[in-house]
Each structure stands twice: as structure tokens, then as C-alpha cells.
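Protein chains in written order, with the numbering used here: chain A, 1 to 266; chain B, 267 to 561. For each residue, glycine too, the CB sits at the ideal point set by N, CA and C. Below is one structure; the comments refer to it alone.
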């Protein structure tokens, strides 16, 4: 049972970040641009919950997702996951020169489907989206939105997982598509969880119950989707005035009370 | 911003039950780790096969080069050592002795050296679904076997048809369990090498030096007696060297029709099992601590 002062969310936690600091691991010449870090980040996502993570990669959204996936070890603090984490970001995109079927097979294999189960999974995924006719075409010849829909479906097919999505435009559209929404709802109903990262809270507002706002590696707001989207929207109005933008960031950061997590284990 | 109060609120406290949860990148117990490796078998073969085929994609003769390359190499060795230099070094069927040494040692050494960097080069495969790290050197080993099996066939072909012709009898069937043990040996050494190089990349350079020394201590091109006679200090290095025994058994069963010594089998089995266990344990323990991102 998880409880938050004055609040009880009921379902077991799917992802816990407890006072986590993390950063990209490359150093020296191997690293391009300034080092991106997240610092003292605490939040949790419950099973059956979709949470938005608004911010840019420079704010640490990608570092946070990769820390949750285990491809980056935290410098300090504790990260816990309940199930397998599946990542959908630029690094795990489909190979556009390969056929749609080959890409689906590859992802299904990495989700540990073998033999007859693999064949069944591939044909079910393609038929569920009505993509059998395009299955043997190279992805480069298929509408990018359709490719993203298939990619989402294959990641959802494996059953309850922690789905970590870094959201370019096509992926957001795939999520809002009827099949995508149904898939996500099914995923959450079965006990899966989702973190959707990106710089546009509009998609998150439609899919997520709450949004975490990350700025310069720190959480400055963790509230209902409507509240965060509204607050984030205020930035757009003053986007050209850097001092006002900074003023808003500072004000939200000052008022974010943080979250103290106390973990218990049987 | 009117909804913000003048003062920050008190920090809320959340009590979270983490029973049954794990740290990302870790895979529970060793038994669960082995199950996950087994579950990823189709992916491993697919990745290895794709890599082997794509390596020859731009060739006009395509995958035929998997046969042609070892065939030409074998012919060159045969012509140079059998006809031009007519070297025997006091060894019966020196050409067969040399082909077995070179082809079999090359298989082992290329598996280990190419697996050494496999955690970094194959990291993208793990990025999407937090698969076990041990999968990467193992995929590399499957790849080496898929591309190396033709070289074994060529080796046997030359032994059978090129003078001095050898009779392949029932004893030669022992070559198959020997290959299985060699595969375990390669996989074990590859996993350990992958861990060590992932920790300190500079050691990859030393690895090639070590493999060269291993070649001379295995009797690839000449009998190990020349080494042990040179100085007694080399004795234990040769005597406990599993690849020396792999080559000795292969030559016994394919060339000389001799029943291999039980001790040679036992030494290989000890090394193979020991290295597989060591490699799996090291990588399992190291899960979650390897650099798997581009930064």
C-alpha cells in the first residue's frame, strides 16, 4: 500500500525514484555539449497509471527515462521497478531500411517471444492494425505514423510492463490514434504503467492523470495534468522574454514542496 | 500563477512498499538470469545470422565467401608449407597439423577478441528491453560459429582429399563433443573478456598480446615440446592450457587415429565449466553497472 500525506493512491508502485541523482556517463571528448544531470528527483508511478514528464532532454527527461530503464546507473538515491521496462525513444526506433515485418519480429524477439509464439505475435500485431499488406515493405516506404502505431502495438503486446516513451510528434499522434488509445488503456487496465516524456504537455494532458515538470534536472511541479499543462502554457505567453521565463521557473521551483519517500519492504 | 500560495507547502511523505520490486538493469537471481538468457535465444540467433549475412551483402558472391575464404586460406597454407618450404618439423602430416592448429585456434581467438568490446558495441540491443548483458558476448560467439563452421568443413575436406590422405574413422566422431567443449570454452572466456574490457577498455590492447602468447603456448604451428624444452617454466603454462589439449585431441582423432588421453578431456571440461560459471556470475553481478548509453 502506498500512501501520500492526505492521499492514498491504492495500487502498488510500478516505478519509484527516491532522491535520485544521475547524469550522462560519457566524459571528455566522447561527450558532446554540456553535461546533463538530474538531481534529487523523487516521484513514483503506480501500476495502471500514465504519468507525463514535461521538459526537454537538456532538462534531463531522457536521462531520467534511461535511469528508469537501467541503462544509466544513478549516482545516488534508489530506483525501483516492478516489471520489465520497455523504452521507446530515438535509439530504439525501427530500422527504416528493413521491412515492417522484420522490425516487428526483432522487437518481439527482444520481448522474448520464441518459436510459434513469435509467429502468432507478429501476425496478431499486424492484423490488429490492418497492416498485413504493408508488412513486407521497407518501413521507409510506409507512412511514419503507421510505423509508429505498429511500434507502439508491439511494445504493448508483451503484457504489463513499464512503458517509457520519449515523445516525438509521430509517437504522440500514434498514442492518440484510436488503436493507440485502446492499446494504452488495455495496458494500464492490465496493471502496466507508462511514463510519457516530451516538451509538449498537450498529448500528456489527454493520456496522463498527472504530469511531472522537470527543469534543469529538478522537479518543479508534480500535479494533475490540467494544472501542470496550464502552468506550462504560461511560459509560451512570455517565451520571448527570458527574464520573465526564468522568473516563472524560479517561482514554481520555490513553491514545489518536494516529496519525501520512505520505502518499506516485507 | 495566482494559484501559488505565498509560502511553499510542507513536504509530503509517501510510504511505498517496494516488496517484489527490483533495481532497473538487474535480473533477480542467477536462475532467473539464465531463464532470461534462454528466452532471448531466438533474438541471439537472429542477430548473429543477420550480422554474418550483412557482412557479405555487398559482395557479388554474397555468403559464398564464407566457404571461399577458408578454402583459399587452406590452399595457401597447403601450397606454402607443403610444396614451397616442404616443412615437416618432425611432425607427421604437418599440413593437417597446421590446418587444425590455425583454423581451430583462430575460431577461439576471434571469438574472444571480438567479444571483448561487445558490451559497448551491442548496447543498443539492450537499451530497449533491459535484456541480460551476457547476451552480447554470446551473440558474438554464435556469429563466430556461424561464419566459422565452413572453415571447419574446409579443414576436414583438405585433410581427407589432400596428400597425405587420412582415413576418417569412427574415432573422428569424437571431434563433435570436442567442438561442443570448445564452444563452451570460447563462450566462458568471451564473457570474462567482455566484462574486463567494459570496465577498463585499455585492456583490449593487452588482450591481443595475450592471445598471441596463448597461440604459441597451444602448439598451433609447431609442437609445444619446443617451448617446454626451451625452459621448464613454460611447462605448466602448456600443460594446463585448454587450447593445447583441444588441438591435441583434434589431431589425435582426425589425423593420427589415436585415442585421446582422458586427462586432456578433463582439463578442457574443467576450464570450460569453470569459465562459463565465472563469466555468467561476473556479468550477472555486474548488471546495471555497465555503460550502455551514448551519453
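Residues near residue i by beta carbon distance below 7 angstroms, same chain, minus five either side
i: residue 441 of chain B; result: 516, 519, 520
i: residue 35 of chain A; result: 23, 24
i: residue 317 of chain B; result: 409
i: residue 6 of chain A; result: Residue confidence is low: residue 6 of chain A scores 40 on pLDDT, short of 50, so the model does not pin down where it sits. No coordinate-derived value is stated.
i: residue 411 of chain B; result: 449
i: residue 619 of chain B; result: Coverage of chain B is limited to positions 267 through 561, which leaves residue 619 of chain B absent and any answer about it impossible.
i: residue 191 of chain A; result: 47, 48, 160
i: residue 556 of chain B; result: 385, 399, 464
i: residue 537 of chain B; result: 451, 508
Buried or exposed by the 16-neighbour rule on C-beta atoms within 10 Å, applied to residue i
i: residue 356 of chain B; result: exposed
i: residue 266 of chain A; result: exposed
i: residue 390 of chain B; result: exposed
i: residue 61 of chain A; result: buried
i: residue 112 of chain A; result: buried
i: residue 214 of chain A; result: buried
i: residue 443 of chain B; result: exposed
i: residue 264 of chain A; result: exposed
i: residue 268 of chain B; result: With a pLDDT of 42 at residue 268 of chain B, under the threshold of 50, the modelled position of that residue is not reliable, and no figure is offered here.
i: residue 222 of chain A; result: buried
i: residue 467 of chain B; result: exposed
i: residue 369 of chain B; result: buried
i: residue 432 of chain B; result: buried
i: residue 42 of chain A; result: buried
i: residue 285 of chain B; result: exposed
i: residue 218 of chain A; result: buried
i: residue 96 of chain A; result: exposed
i: residue 211 of chain A; result: buried
i: residue 527 of chain B; result: exposed
i: residue 349 of chain B; result: exposed
i: residue 506 of chain B; result: exposed
i: residue 155 of chain A; result: buried
i: residue 107 of chain A; result: buried
i: residue 180 of chain A; result: buried
i: residue 134 of chain A; result: buried
i: residue 262 of chain A; result: exposed
Any chain C beta carbon closer than 7 angstroms to residue i
i: residue 296 of chain B; result: Looking at the structure shown, chain C is missing, and the protein chains on hand are A and B.
Range covered by the beta strand (DSSP E) that runs through residue i
i: residue 77 of chain A; result: 76-81
i: residue 37 of chain A; result: 37-46
i: residue 263 of chain A; result: 260-264
i: residue 17 of chain A; result: 13-23
i: residue 218 of chain A; result: 218-224
i: residue 213 of chain A; result: 210-215
i: residue 282 of chain B; result: 279-283
i: residue 52 of chain A; result: 50-54
i: residue 93 of chain A; result: Looking at the DSSP string, residue 93 of chain A is not in any beta strand (DSSP E), and its letter there is neither H nor E.
i: residue 85 of chain A; result: 85-88
i: residue 270 of chain A; result: The requested residue 270 of chain A does not occur in the structure, where chain A is confined to residues 1 to 266.
Range of the contiguous alpha helix (DSSP H) that encloses residue i
i: residue 153 of chain A; result: 144-157
i: residue 446 of chain B; result: 441-465
i: residue 331 of chain B; result: 331-343
i: residue 311 of chain B; result: 307-320
i: residue 541 of chain B; result: 528-552
i: residue 267 of chain A; result: Nothing about residue 267 of chain A can be read from this structure; chain A reaches only from 1 to 266.
i: residue 107 of chain A; result: 100-110
i: residue 184 of chain A; result: 178-189
i: residue 203 of chain A; result: 201-207
i: residue 193 of chain A; result: Residue 193 of chain A -> not in any alpha helix (DSSP H); beta strand (DSSP E) instead, spanning 193-198.
Neighbourhood of residue i by C-beta, 6 angstroms cutoff - its chain only, sequence neighbours within 5 removed
i: residue 81 of chain A; result: 15, 162
i: residue 87 of chain A; result: 69, 164
i: residue 279 of chain B; result: none
i: residue 229 of chain A; result: 201, 205
i: residue 4 of chain A; result: Low confidence applies to residue 4 of chain A: its pLDDT is 45, below 50, so where it sits in the model is not reliable, and the reading given next is rough at best. None.
i: residue 405 of chain B; result: 310, 313, 314
i: residue 359 of chain B; result: 430, 521
i: residue 483 of chain B; result: 503, 504, 507
Same chain, Cβ closer than 8 angstroms to residue i, neighbours up to 5 away in sequence not counted
i: residue 343 of chain B; result: 361, 364, 365, 368
i: residue 474 of chain B; result: 379
Checklist entry - Looking at C-beta atoms only, is the number of pairs between the segment 130-143 of chain A and the segment 52-63 of chain A that lie closer than 8 angstroms three or more? => result no
Checklist entry - Counting pairs of beta carbons, one from the segment 411-421 of chain B and one from the segment 490-500 of chain B, are three or more of them closer than 8 angstroms? => result no
Next on the checklist: Using a Cβ distance threshold of 8 angstroms, determine whether the segment 305-317 of chain B contacts the segment 100-115 of chain A, with at least three qualifying pairs required.
Outcome noted: yes
Item to check | Start-end ranges of the alpha helix (DSSP H) lying completely within the segment 475-512 of chain B, minimum 4 residues | outcome: 491-496, 500-505
Next on the checklist: Under 8 angstroms: do the segment 420-427 of chain B and the segment 358-374 of chain B share three or more Cβ pairs, one atom per stretch?
Outcome noted: yes
Next on the checklist: Measuring CB atoms only, is the segment 539-559 of chain B touching the segment 455-463 of chain B, in the sense that at least three cross pairs come out at less than 8 angstroms?
Outcome noted: yes
Next on the checklist: What ranges does the alpha helix (DSSP H) occupy inside the segment 353-425 of chain B, keeping only unbroken runs of at least 4 residues that lie completely in it?
Outcome noted: 360-381, 384-387, 389-393
Next on the checklist: Counting beta carbon pairs with one atom in the segment 172-192 of chain A and one in the segment 150-161 of chain A, are three or more of them shorter than 8 angstroms?
Outcome noted: yes
Checklist entry - On the three-pair Cβ rule with 8 angstroms, is the segment 69-83 of chain A touching the segment 288-304 of chain B? => result yes
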